[in-house]
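Novice:
Numbering (the working numbering), first residue to last: 636 to 940.
(1) What's the C-alpha gap between residue 906 and residue 888?
(2) Just to check my reading of the structure: residue 877 and residue 654 have Cβ atoms closer than 8 Å, yes? What is that Cβ distance to the nearest angstrom?
(3) Using the three-state DSSP reduction, which class does residue 636 fall into: helix, strand or coil?
(4) Are the segment 668–683 and the segment 867–882 touching by the rule of at least three beta carbon pairs closer than 8 Å?
(5) Note down, one range per segment and in chain order, each alpha helix (DSSP H) of at least 4 residues found wholly within the segment 776–817.
(6) Does the contact criterion of 3 or more C-beta pairs under 8 Å hold for the segment 816–824 versus the segment 771–788?
(7) Closest to residue 911 by C-alpha separation, out of 663, 664, 926 and 671, would be which residue?
(8) Would the segment 802–820 and the segment 858–871 be scored as touching if the rule is three or more Cβ pairs under 8 Å?
(9) Among 709, 714 and 662, which residue has its Cα nearest to the Cα of residue 786?
(10) Which residues in the same chain have their Cβ closer than 8 Å to the Cβ of residue 783, if we skip the five residues on either side of it in sequence?
(11) Among the candidates 936, 657 and 935, whose CA atom is the shortest distance from the CA of residue 792?
(12) Which term fits residue 798, buried or exposed, when burial requires 16 or more other beta carbons within 10 angstroms of its beta carbon?
(13) What residue ranges within the segment 661–736 form continuous beta strand (DSSP E) runs of no fewer than 3 residues, ordered along the chain?
(14) Along the chain, where does the alpha helix (DSSP H) containing residue 835 start, and where does it finish?
(15) Indicate the three-state DSSP secondary structure (helix, strand or coil) for residue 914 in the structure shown.
(16) Please report the Cβ distance between residue 914 and residue 668, rounded to the nearest whole angstrom; I am assuming they are in contact, meaning their Cβ atoms lie under 8 Å.
(17) So, with DSSP's three-state summary, where would you put residue 932?
(18) Can residue 859 and residue 848 be called in contact, C-beta distance under 9 Å?
(19) So, helix, strand or coil for residue 849, using DSSP?
(20) On the DSSP letters alone, give me the boundaries of the alpha helix (DSSP H) that residue 864 sits inside.
(21) Along the chain, where does the beta strand (DSSP E) containing residue 897 start, and where does it finish?
(22) Can you have a look at residue 811 and say buried or exposed, based on whether 16 or more other CB atoms are within 10 angstroms of its CB?
(23) Just reading off the alpha helix (DSSP H) that residue 879 is part of, what are its end residues?
(24) Would residue 936 be called buried (16 or more neighbouring beta carbons within 10 Å of its own) or exposed?
(25) Can you have a look at residue 940 and say buried or exposed, based on whether 16 or more other CB atoms are within 10 angstroms of its CB?
(26) Roughly how many angstroms separate the alpha carbons of residue 919 and residue 641, rounded to a whole number?
(27) Kindly list the residues whose CB is nearer than 8 Å to the CB of residue 756, restricted to its own chain and excluding five residues on each side of it in sequence; keep chain order.
(28) According to DSSP, is residue 617 helix, strand or coil?
(29) Give the DSSP-derived three-state secondary structure of residue 651 in the structure shown.
(30) By the 10 Å Cβ neighbour count, where 16 or more other Cβ atoms means buried, how is residue 921 classified, buried or exposed?
(31) List the residues that DSSP assigns as beta-bridge partners of residue 757.
(32) Who are the near neighbours of residue 749 in its chain, counting only those whose CB is closer than 7 Å to its CB and skipping five residues on each side?
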């Protein structure tokens, strides 16, 4: 498997030249577009890796399924479903014009920015500092890595320049979809997106979702199996932004991308995959990362369809 991953990186690396690193967050613009790493954790216990798999980067939107899991753990499916919809929007992840009418919960989903901002209010805790700490702890448990921390520079960069997310949050406030102080909610969201991970962490998180809430060789569930089904279904239809349909056809597994260049893929009952390549396509997805997943899906018969 290591040899396959190395060959996949070699074959797909050139595609990164067709993309660009995220620039709307100044710290992300410093990324090296040539970085490329892959890690896979399989259900038989094999761990495979290649390239820059230990290069650390910020999780960005890949935190959204973790946010969703925390909201489910704290409130249950019925409550979360009543406050954030599940349908694909067909629009960019940071779109404002979801509807020409009054904004309703059914107009957003957990994998777009507006839905994720709303989910920050659903995390239990006496303060937003405590809410973030609980989210960080869940991320560490899912990844099996207690050393995962916040990237302070990216967090401050996002907080300083995140005016579109402020607009989204105030729109939610306007339509009574959040009640708390907007700046406190956003601070939690900016911190969540700035959690620092690597491909290995993403592979472990993806595996835990693939294994219905259990980490490798652990009997205790981190979350109920029904939550894995809920999250994976939404990842399948919404996880790759407005490119989710094309991704479903070409790759065929639940996945979540982030503008930091990461992709976490879930192959139910089989494996979790973590990829890092920061050059993005026009939709905000890792361009070489998607090509790598297309290759792996074809060679390893990963598609669930």
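Every residue gets a Cβ at the ideal spot worked out from N, C-alpha and C, and that includes glycine.
Specialist: From the atom records:
(1) 11 Å
(2) Incorrect: roughly 16 Å between the Cβ atoms, too far for contact.
(3) In the structure shown, residue 636 sits in coil (DSSP, three-state: anything other than H, G, I, E or B).
(4) Short answer: they don't touch.
(5) 787–796 and 798–809
(6) As far as the Cβ criterion goes, the segment 816–824 does not touch the segment 771–788, which means the pair count is below three.
(7) Closest by alpha carbon: 671.
(8) no
(9) 662
(10) 771, 774, 775, 830, 831, 832 and 836
(11) The residue from 936, 657 and 935 with its alpha-carbon nearest to that of residue 792 is 657.
(12) exposed
(13) Listed in chain order, they are 672–677 and 682–686.
(14) Annotation: the continuous alpha helix (DSSP H) that includes residue 835 extends over 834–845.
(15) In this structure, residue 914 counts as coil in the three-state DSSP scheme.
(16) 4 Å
(17) Helix at residue 932.
(18) yes
(19) strand
(20) 860–873
(21) 897–902
(22) exposed
(23) 879–885
(24) exposed
(25) exposed
(26) 24 Å
(27) 813, 814, 815 and 820
(28) This structure cannot settle anything about residue 617, because the visible part of the chain is limited to 636 through 940.
(29) Note: residue 651 maps to helix in three-state DSSP.
(30) For residue 921, the number of other beta carbons within 10 angstroms of its own is at least 16, and it is reported as buried.
(31) Per DSSP, none; premise fails for residue 757.
(32) Closer than 7 Å at Cβ, skipping near neighbours: 743, 803 and 807.
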